[in-house]
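Chains as they are written, first to last, in the working numbering: chain R, 1 to 715; chain U, 1001 to 1715.
Quick look at the structure:
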């Protein structure tokens, strides 16, 4: 293995044995895996590399499911509203939804959960006033208020496993569409355990069972109209975990029942971006326990056959929660996370699992996740790989992990020699960085950063899915910036706040849009406000971005305006004159390319608030003294090397740590200092050569870096 | 008079008799008035012109007020919040306010109205926990929750009449600052009536007593810091009407008491732009009755002396409400409104008073309202006068009024011959337009427009003050556009809606920001939604602009989304895919220079919504069929000739009236058709010559117009 380098997982592909062996040599692969839709040939399995075998535990059971149709997975759906304009109001339930994905569950175990709602009056329609017409798949409203709008919320089977559905659509697969089995039914659970054991017996060469997550997929509700295929997409939501047996068990456990509205929430569903209510939290905790219960049984079974169990933390991961308190109870030997970005690398690196592995993009597929070409005409897979690696590499310099790998069809890489070469170089860089971490952790600057939001530790280093799915959220950009900065970062929720977690923080980051889980909304109770104000007054730095702590009903929209010295106008200041100000920014704060997006309505609440940056009369960046501490406000944040540097410079004074050591002159260059090994890593994330200086603990180092170069120096 | 033309009021100025007579000839003046700070000399009074004399009834009584200091007018004020960080919390009440304007009223009749509030917990602090330290003008909080924010709301005397304060500041007056008398005190009322009678006896030459409004000024709260002089400015708010006797009388009348918080509202006050609550409406109704009570006594007194009484509807107008139901009870012989804009002309024209007169801008002052030069170096008074007249003239073509005039110092016009000439031309145009209206009303297009907002008829053709004070509000721009369009326009409130007012409307306009009185907010009850949906379904056109009917707590933010086919994202759609669309605009809709401002978050709620205009993926202008009617949505509106034309074209189909008669090819040209007199007015509002066509009932007319020309043709 060593001659190859190691720490690299190669996707296998039947019929590509020779090419696989060549790539294994060039990339230093020490493990080989089968991808979805491929399988490993015996020839490849015999090459002495560790064999990862993919098991997507809830799919490929179509035969069983056909015999036991109730074991298909389900979800609540809510029709589009209809206005009662006279005549009977009739809802054909599937009118709005993709018939390939859903099928109405009109069974007796399902109907009690359905709800018809008057959306104009926010009132449930009594069950005796509506009727389900099974033959027509329709609900007929027998009595309704004129010109009120109504919806029907119902339980539907999901009849096409969503990843299979995606691959058929995006990668034009033509295999049989797969369904997904819900292990909340006893017969399904028994079948699965049995199937798993059989599978283990049949795969003696497999060293590592790589679960494509576990049971429940992230939420992806498709519409009937191709002009609006994606009705609702949420990587971290639990809508796809519902079933009559689980809902029943929940009721027995918690003493209260959940029904359709608790999930569909006026037809808006309950996005991870919104503040969760108690019911949602209870349901999540309940599902997490259920998933753990069967999940650890599967892991134990794998172990019993002398194999290791890794989990791919994507796809059907819901309920698994690697940052949940009970995650170690699974006994997983490793976790694999696919990553485009730095925050995903940190997300993976922070999971308490023995082996942490990144699945890199681009996947060896003709098109990428966004639908643009990769291994097909017009694609630039080497360029894509480098762009993602530049994001990931700066995060890896801060926190190491164990392995990397690729997924997809190896055969597609033929004809892309630049890609093949680049992956070899990238793998080598990965191993050099891993070796650095083996000698000790890299240095961090003094200020201890805490990020506060509704989810806290559970959603460490993430929002809901990939960067491009969250790029309208300031916090996504901040996490990406933080992922590569020399800082210790923790994630707090509002319970942590009550438990005194701020005492270990020098800077508190609250960043999000109004009414979002990220800015906190209704979680900003009086007590929470008190705590943060007391902490800031005692010397803490509050960094607010966007609408931090925004909540209606108080004298200011931002409940922390007293600390920040700013507020955001939601109409309340229509007749109120603004403070006149002059913006005055210390030049060293704005690195090359740094900028702050404007947010309409930002205004000063205090004449002592210093405006550092402004545009068209809108403050963009302000600072406000509050006791021994301060409030810093940024109207928005977008990730870029220059803005990451700006963020670092805003954070450093939070511990009177203005020192410049290990901060290179150019923001495109990241620097990590590993004191135990006295190693200095310098990484150029940009496409231009860099020539600059970095102050060391003693003296200053001049550096020259080629485009994209990683340089490691021993001092 | 006739040789001069008439219908024009000239300001008089002592020592300028000859110049006044020359201007009277050139401008066709038939009346002369004294301005604030000037007085008419006997020489001028004897020229045979009607004499207007200004009476600002509540000021120029400093001697009386000094003897009866409790009769000074008052207001509630609220300090800036302070956080309790340990130690006693002490508020020096005047710290935040302009000491020239206010003085704490710490009297025994005042203190019971004060309130100290914990703004973090939204709770009043019991009176026993705080103390007023009279000597220090401070409130000491004896007990407070750590790290909660507190405010003190108190009653203050206003010690400088605000118009006097403004003139001293802007026009550098150095006369004695005036105070204002509050007639809610019996001794003040008696004194005023007595004073008025004496005044009438002393002014035999006066034909018309021109009240500079009545008793209570619009609200203008100045701060102590010159960097934020204007804390709160609201032309239509009632904060300056409070006094212990009125508050006491209110309690006796309504059976409940109002205190500081009812006015200061968390320190935000209750702007006219926000939805009024019941208490505010009760207070307004009560004040209106009080103002009427004394106001009509004053008018009767004027009549008893054989003079006429006009009211200048500005300055101390609060409580007067020319669109209030009881306005005719005053018995005013005329109303005068100062005007920069078309909407102000319509506002004046619609008042039920025998004579309606416009006071034109610019005033004959060295600087204008905005602080820029007019009759001083750098000023262009002729250009200003023309710009305002272009706004006003198009409105006058739609609804006539009786007189125009100027205000200020005549002497300042010397050295501005262009201005003198232009006013002569303008006066002539005014008289030509007035003559047109004398023959009959101009034709309007079929669709009957109703504008719905919280204030309805009471705030017909206005928001709160001048255009430039309201220019962030879409409705301001829409009113300005509507003021010159050939349409009948009514203003409805939500009670009118319940009373069936929509049956007389073809198009309903709802335009405003979220949480504003204009978009309606909490007034959008289920019943209101039902009514509008039923009416639209039956054939009505709903035109929504900005955040029409926005209210949180329902499935859509816009409660009328079912009609409009759009909603605005307030964060609720963070995980929801948008409808894909292609924008397709009939070319005739967008007049030259027409544009629609974007509003972030606008999205389709229905695949059948037609997008006519879009920018960067945001729909700007949409149309959605709803039964026999439709919803039209505009994400914003800014007044311009092109946009006024766009608005007209959007409105016309509301009555299947797409006909083009009397609509000139160019949007800079306004056309009014007076069928009784068979007169066609064509007015070019722009600085370029226009050559175009206007379709008539029979045939088409070609026109050529000089820049700014008004042409009247007999057909």
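Beta carbons are placed, not taken as given, at the ideal position from N, Cα and C, and that holds for glycine.
Own chain residues within Cβ distance below 6 Å of residue i, not counting five before or after
i	result
residue 62 (chain R)	179
residue 621 (chain R)	596, 612, 613 and 634
residue 1064 (chain U)	1191
residue 1664 (chain U)	1671, 1692 and 1694
residue 36 (chain R)	The pLDDT assigned to residue 36 (chain R) is 49, lower than 50, so where the model puts this residue is not dependable, and the model offers no usable value.
residue 409 (chain R)	13 and 364
Interface flag, residue i vs chain U, CB-CB below 7 Å
i	result
residue 526 (chain R)	yes
residue 217 (chain R)	no
residue 283 (chain R)	no
residue 580 (chain R)	yes
residue 576 (chain R)	yes
residue 562 (chain R)	yes
residue 129 (chain R)	no
residue 121 (chain R)	yes
residue 638 (chain R)	no
residue 516 (chain R)	yes
residue 33 (chain R)	no
Beta-carbon proximity check, residue i vs residue j, cutoff 7 Å
i	j	result
residue 1305 (chain U)	residue 1208 (chain U)	no
residue 167 (chain R)	residue 173 (chain R)	yes
residue 350 (chain R)	residue 213 (chain R)	no
residue 155 (chain R)	residue 110 (chain R)	yes
residue 1157 (chain U)	residue 1105 (chain U)	yes
residue 1508 (chain U)	residue 1482 (chain U)	no
residue 703 (chain R)	residue 682 (chain R)	yes
residue 574 (chain R)	residue 1271 (chain U)	yes
residue 455 (chain R)	residue 426 (chain R)	no
residue 1479 (chain U)	residue 1340 (chain U)	no
residue 1123 (chain U)	residue 1131 (chain U)	no
Own chain, CB closer than 7 Å to residue i, minus 5 neighbours either side, in chain order
i	result
residue 476 (chain R)	463, 467 and 470
residue 673 (chain R)	442, 443, 662 and 680
Any C-beta of chain R under 7 Å from that of residue i
i	result
residue 1014 (chain U)	no
residue 1171 (chain U)	no
residue 1513 (chain U)	yes
residue 1427 (chain U)	no
residue 1572 (chain U)	yes
residue 1716 (chain U)	One cannot answer for residue 1716 (chain U) here, as it falls past the ends of chain U, which runs 1001 to 1715.
Cβ-based neighbour list, residue i, same chain, cut-off 8 Å, excluding 5 preceding and 5 following
i	result
residue 1229 (chain U)	1098, 1222 and 1223
residue 1384 (chain U)	1361, 1362, 1368 and 1374
* Start-end ranges of the alpha helix (DSSP H) lying completely within the stretch 109-161 of chain R, minimum 4 residues -> Runs of the alpha helix (DSSP H) inside the stretch 109-161 of chain R: none found.
* Could you give the uninterrupted runs of the beta strand (DSSP E) lying entirely in the stretch 57-111 of chain R, keeping only those of 3 residues or more? -> Those beta strand (DSSP E) runs which fall completely within the stretch 57-111 of chain R and span 3+ residues are 74-78, 89-92 and 102-104.
* Uninterrupted beta strand (DSSP E) stretches inside the stretch 395-449 of chain R (no shorter than 3 residues) -> With a minimum length of 3 residues, the continuous beta strand (DSSP E) runs that stay inside the stretch 395-449 of chain R are 403-405.
* Listed in chain order, which residues of the stretch 238-269 of chain R have Cβ atoms closer than 8 Å to some Cβ of chain U? -> Correct list: 266, 267, 268 and 269.
* Asked: Just by C-beta distance, which residues in the stretch 1527-1538 of chain U are closer than 7 Å to chain R?
  -> For chain R, the residues of the stretch 1527-1538 of chain U that bring a beta carbon within less than 7 Å of one of its beta carbons are 1529, 1530, 1533, 1534 and 1537, in chain order.
* Please specify which runs of the beta strand (DSSP E), each continuous and at least 3 residues long, are wholly inside the stretch 656-687 of chain R, giving them in chain order. => You should have 669-674 and 679-684.
* Asked: Fully enclosed by the stretch 547-618 of chain R, which alpha helix (DSSP H) runs are 4 residues long or longer?
  -> Segments of the alpha helix (DSSP H) lying fully in the stretch 547-618 of chain R: 561-564.
* Asked: the stretch 132-162 of chain R: which residues have C-beta closer than 9 Å to a C-beta of chain U, in chain order?
  -> Residues of the stretch 132-162 of chain R with a C-beta atom less than 9 Å from some C-beta of chain U are 145, 146, 147, 148, 149 and 151, listed in chain order.
* Taking Cβ-Cβ distances below 8 Å as the criterion, which residues of the stretch 1061-1090 of chain U are in contact with chain R? -> Those would be 1080, 1081, 1083 and 1085, in chain order.
* Asked: Along the chain, which unbroken stretches of the alpha helix (DSSP H) at least 4 residues long are found entirely within the stretch 1242-1317 of chain U?
  -> Qualifying alpha helix (DSSP H) stretches, in chain order: 1244-1254, 1260-1264 and 1278-1304.
* Residues in the stretch 269-280 of chain R having any Cβ partner in chain U nearer than 8 Å -> Those residues of the stretch 269-280 of chain R that come within reach of chain U (Cβ to Cβ, closer than 8 Å) are 269, 271, 272, 273 and 274.
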